[in-house]
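First comes the structure, then the notes that go with it.
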Amino acid sequence: MALIPEYRNDVPRVERFNFLARFSHWGHTVTFLLCLFTGLVLFLDGVNWLAAIFGGYRGAGLVHRVSAVGMTIVIIIGAVFGFKGVIEWIKDLLRFGMNDIKFIMLFPLEFLGFPVKVPPQTRFNGGEKGNSIVTPTCVFLLVLSGYIMWFPAIFPVGLVRVSYWTHDIAMVGATCMVCMHAYLGSFHPGSGESFWGMWKGTVRADWAKHHHAIWYDETYGDKSKSE
Amino acid sequence: MANLANLYDVSKCTACRGCQVACKDWNQLPAVIEPFKGNYQTHEDTNGDTFTIINFFEYEDPVDGVRWNFIKRQCMHCLDPECMKVCPRQAYTKTSWGATLHDPDKCIGCQYCAAACPFDIPKYRKREDVITKCTMCADRVEEGLTPACARTCPSGALTFGDRDELLQKAEARAKFLRANGFPRATIYGRVELGGLNNLYVLTDTPDMFGLPVNPKVSGNITFWQDWIQPYFGWLIPLMLTASATSFVTSRILASKHGEHGEHGEGGHE
Numbered sequence: 001m002a003l004i005p006e007y008r009n010d011v012p013r014v015e016r017f018n019f020l021a022r023f024s025h026w027g028h029t030v031t032f033l034l035c036l037f038t039g040l041v042l043f044l045d046g047v048n049w050l051a052a053i054f055g056g057y058r059g060a061g062l063v064h065r066v067s068a069v070g071m072t073i074v075i076i077i078g079a080v081f082g083f084k085g086v087i088e089w090i091k092d093l094l095r096f097g098m099n100d101i102k103f104i105m106l107f108p109l110e111f112l113g114f115p116v117k118v119p120p121q122t123r124f125n126g127g128e129k130g131n132s133i134v135t136p137t138c139v140f141l142l143v144l145s146g147y148i149m150w151f152p153a154i155f156p157v158g159l160v161r162v163s164y165w166t167h168d169i170a171m172v173g174a175t176c177m178v179c180m181h182a183y184l185g186s187f188h189p190g191s192g193e194s195f196w197g198m199w200k201g202t203v204r205a206d207w208a209k210h211h212h213a214i215w216y217d218e219t220y221g222d223k224s225k226s227e
Numbered sequence: 228m229a230n231l232a233n234l235y236d237v238s239k240c241t242a243c244r245g246c247q248v249a250c251k252d253w254n255q256l257p258a259v260i261e262p263f264k265g266n267y268q269t270h271e272d273t274n275g276d277t278f279t280i281i282n283f284f285e286y287e288d289p290v291d292g293v294r295w296n297f298i299k300r301q302c303m304h305c306l307d308p309e310c311m312k313v314c315p316r317q318a319y320t321k322t323s324w325g326a327t328l329h330d331p332d333k334c335i336g337c338q339y340c341a342a343a344c345p346f347d348i349p350k351y352r353k354r355e356d357v358i359t360k361c362t363m364c365a366d367r368v369e370e371g372l373t374p375a376c377a378r379t380c381p382s383g384a385l386t387f388g389d390r391d392e393l394l395q396k397a398e399a400r401a402k403f404l405r406a407n408g409f410p411r412a413t414i415y416g417r418v419e420l421g422g423l424n425n426l427y428v429l430t431d432t433p434d435m436f437g438l439p440v441n442p443k444v445s446g447n448i449t450f451w452q453d454w455i456q457p458y459f460g461w462l463i464p465l466m467l468t469a470s471a472t473s474f475v476t477s478r479i480l481a482s483k484h485g486e487h488g489e490h491g492e493g494g495h496e
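Protein chains in written order, with my numbering: chain V, 1 to 227; chain W, 228 to 496.
As structure tokens, then:
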């Protein structure tokens with residue numbers, strides 16, 4: 001079985017993520033991973049070989065801060081220029097319903113590769129909704145606590161102390177989600193076209209119909225035409 | 228080796244600040260000039276180039292009238308230092324005789340220790356991006372000398388020596404003070420925070436000298452160091468293992484069910 005299904009141009013495709021969403025996604029990927037590996041240097045209490053990759057502990061600290069600023073810029077660009085997209089994203093998250101609960105309950109089986117029949121999903125399925133809530137929340141906490149730790153002199157010491165464990169918890173939370181998300185968005189056989197949706201922006205229409213029936217009907221199907 | 232400590236007797240101190248000068252001199256610390264704040268204190272607080280400072284406090288007591296308290300502040304060299312626990316670079320070490328040393332070459336300027344210290348002692352030196360603090364003149368003590376501050380004190384307020392002997396001396400002095408016009412005289416540093424290597428004889432309660440009466444490591448720091456750092460991170464390898472398991476099982480199951488399964492190419496039912 002191929003790691004990722006082949007990208008095919010000869011079948012009908014529909015847009016799933018616009019350029020700004022993809023820029024934001026991959027911008028976060030690069031800056032998050034850089035921050036993660038430079039941050040683990042301290043979290044794991046002195047991993048010399050990991051620090052050496054970034055030019056020692058001070059080098060890792062510099063990369064951490066530069067990436068953190070990069071991530072902040074990506075967030076700002078995404079939120080300002082992609083404001084409409086963010087609102088649509090949040091609107092879809094608010095449609096959390098029975099179909100999502102059923103999806104999450106069936107998900108462990110689907111995850112391991114058992115064939116399951118899940119109810120029709122909106123643009124983001126139950127699991128994606130969970131990821132869309134947990135990861136950005138963690139990132140928001142990471143950014144906030146990160147800047148407080150960076151400039152402790154201008155914040156009350158109590159807030160700085162809270163930031164230390166907040167930064168750690170948010171890091172572990174986000175990293176756990178990223179571990180799952182990276183796998184589910186690429187090599188998981190059940191995810192099929194998801195990778196191309198974020199890489200090239202389009203997915204196969206038949207895949208969209210099968211995996212996100214409600215979204216497909218509303219955006220590209222009969223419902224959208226009748227409106 | 229027995230613990231060596233510095234005993235500071237408030238009742239003998241004249242606030243000449245010779246200790247501050249001697250400290251700067253021995254540790255080759257540049258002068259830090261701060262604007263006049265309307266009292267005798269030279270600096271707002273200890274800073275990256277000032278390891279010790281005499282703090283001044285004025286109180287108006289309804290019975291005794293105006294009280295002018297001063298006290299020498301520097302690193303307490305705790306027997307169980309929190310700075311050492313939180314430092315992610317192991318820049319802190321404890322000498323066999325009790326000094327808490329900080330190695331600026333290992334320091335990366337994260338300032339975790341500055342937030343963790345219950346006495347607010349480690350200070351950030353911006354121009355070098357490192358933390359600095361009192362060394363108890365370890366370089367002098369290990370050559371058989373006494374710390375610069377204790378060596379220079381003209382009034383005998385500072386005594387350097389064996390901690391147990393100094394504690395006895397301090398007890399006796401506090402007892403004497405209590406009987407001679409300072410009923411609230413007390414000692415500080417014997418039990419506080421599990422014991423300090425800087426002992427104090429105070430003429431009044433610790434809070435009158437700006438010292439925490441019952442110093443405690445912040446619960447936030449304990450929670451972070453004792454719960455989050457050692458255990459919480461294990462969730463990450465757990466998630467990685469889950470993904471790796473799925474990678475294998477989903478492929479095995481897919482080959483059993485055949486490639487036409489619902490996830491196969493594009494997901495036809």
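A virtual CB, placed ideally from N, CA and C, is assigned to each residue, including glycine.
Neighbourhood of residue i by C-beta, 8 Å cutoff - its chain only, sequence neighbours within 5 removed
i: D307/W; result: L420, G421, G422
i: E271/W; result: E261, K264
i: V293/W; result: E285, Y286, E287
i: L404/W; result: S238, A412, V428, T430
Coarse secondary structure for residue i, derived from DSSP in three states
i: W295/W; result: strand
i: R16/V; result: coil
i: L240/V; result: Residue 240/V is absent from the structure shown; chain V starts at 1 and stops at 227.
i: I216/V; result: According to the sequence as given, residue 216/V is Tyr; it is not Ile. If DSSP states are grouped into helix, strand and coil, Y216/V belongs with the helices.
i: V203/V; result: strand
i: N254/W; result: coil
i: T277/W; result: strand
i: D389/W; result: strand
i: T413/W; result: strand
i: N233/W; result: strand
i: V47/V; result: coil
i: N447/W; result: helix
i: L420/W; result: helix
i: V428/W; result: strand
i: D10/V; result: coil
i: H490/W; result: The predicted model places H490/W with a pLDDT of 46, which falls under 50 and marks its position as unreliable, so this point remains unresolved.
i: Q268/W; result: coil
i: N407/W; result: coil
i: F263/W; result: coil
i: H28/V; result: helix
i: L144/V; result: helix
i: R244/W; result: coil
i: H188/V; result: coil
i: V440/W; result: coil
Contacting residues, own chain, Cβ-Cβ under 7 Å from residue i (five flanking each side not counted)
i: Y339/W; result: V313, C314, P315
i: G185/V; result: S191, S194, F195, M198
i: G488/W; result: Below a pLDDT of 50, predicted positions are generally treated as unreliable, and G488/W, at 46, falls in that range; no measurement from the model is reported.
i: M435/W; result: F284, Y286, N296
i: F96/V; result: K129
i: A60/V; result: T38, V41, A51, F54
i: Y57/V; result: V41, A51
i: L106/V; result: V116, V118
i: K396/W; result: L234
i: Q452/W; result: K312, V313
i: W207/V; result: G192, E193
Chain-order list of residues whose beta-carbon lies under 6 Å from that of residue i (same chain, five-residue window excluded)
i: H495/W; result: Summary for H495/W: the model assigns pLDDT 33, below 50, so the residue's position carries little reliability; its value from the coordinates is reported in the next sentence. Counting only Cβ-Cβ distances below 6 Å, and skipping sequence neighbours, we find nothing.
i: Y267/W; result: F283
Quiz prompt | Members of the segment 305–318 of chain W near chain V, C-beta cut-off 7 Å | solution = Cβ proximity to chain V below 7 Å picks out P315, R316, Q317 from the segment 305–318 of chain W.
Quiz item: Any residues in the segment 168–195 of chain V with a beta carbon nearer than 9 Å to a beta carbon of chain W? Which ones, in chain order?
Solution: If the cut-off is 9 Å between Cβ atoms, the segment 168–195 of chain V has D168, I169, M171, V172, G173, T175, C176, M177, V178, C179, M180, A182, Y183, L184, F187, H188, P189, G190, S191, G192, E193 near chain W.
Practice problem: At 3 residues or longer, and completely inside the segment 279–366 of chain W: list those beta strand (DSSP E) runs for me, N to C. | Solution: Contiguous beta strand (DSSP E) elements confined to the segment 279–366 of chain W occur at 280–288, 292–300, 319–321, 327–329, 350–352, 357–359, taking only those with 3 or more residues.
Practice problem: Check whether the segment 206–226 of chain V touches the segment 19–35 of chain V, taking contact to mean three or more Cβ pairs, one atom from each stretch, closer than 8 Å. | Solution: The segment 206–226 of chain V, when compared against the segment 19–35 of chain V, does not touch it at the 8 Å Cβ threshold.
Quiz item: Any residues in the segment 96–113 of chain V with a beta carbon nearer than 8 Å to a beta carbon of chain W? Which ones, in chain order?
Solution: Listed in sequence order: F111, L112, G113.
Quiz item: What residues from the segment 30–62 of chain V come within 7 Å of chain W, judged by C-beta to C-beta, listed N to C?
Solution: With the criterion set as a beta carbon lying under 7 Å from some beta carbon of chain W, the members of the segment 30–62 of chain V are L42, F43, D45, G46, Y57, R58, G61, in sequence order.
Quiz item: Between the segment 334–350 of chain W and chain V, which residues of the former have a C-beta closer than 8 Å to a C-beta of the latter?
Solution: So the close ones are I335, G336, C337, Q338, Y339, A341, A342, A343, D347.
Quiz item: Is there contact here, the segment 66–86 of chain V with the segment 133–148 of chain V, by at least three beta-carbon pairs under 8 Å?
Solution: Touching, yes, given that three or more Cβ pairs across the two stretches are closer than 8 Å.
Quiz prompt | Those runs of the alpha helix (DSSP H) which lie wholly inside the segment 65–119 of chain V and span at least 4 residues | solution = If we require 4 residues or more, the alpha helix (DSSP H) runs fully inside the segment 65–119 of chain V come out as 83–93, 98–112.
Quiz prompt | Segment contact flag, the segment 342–356 of chain W with the segment 374–389 of chain W, C-beta cutoff 8 Å, min 3 pairs | solution = Note that the segment 342–356 of chain W does not touch the segment 374–389 of chain W; fewer than 3 beta-carbon pairs, one per stretch, sit closer than 8 Å.
Quiz item: Is it true that the segment 356–365 of chain W meets the segment 326–337 of chain W, where meeting means three or more beta-carbon pairs spaced less than 8 Å apart?
Solution: Contact between the segment 356–365 of chain W and the segment 326–337 of chain W is present, because at least three Cβ pairs lie under 8 Å.
Self-check item: Contact list for the segment 320–332 of chain W against chain V, Cβ threshold 8 Å
Solution: For the segment 320–332 of chain W, no residue has a beta-carbon sitting nearer than 8 Å to a beta-carbon of chain V.
Quiz item: When Cβ atoms are compared, which residues of the segment 128–155 of chain V fall closer than 9 Å to chain W?
Solution: With the criterion set as a beta carbon lying under 9 Å from some beta carbon of chain W, the members of the segment 128–155 of chain V are M149, P152, A153, in sequence order.
Quiz item: For the segment 437–451 of chain W, which residues have a beta carbon sitting closer than 8 Å to at least one beta carbon of chain V?
Solution: Hits within the stretch, in order: S445, N447, I448, F450, W451.
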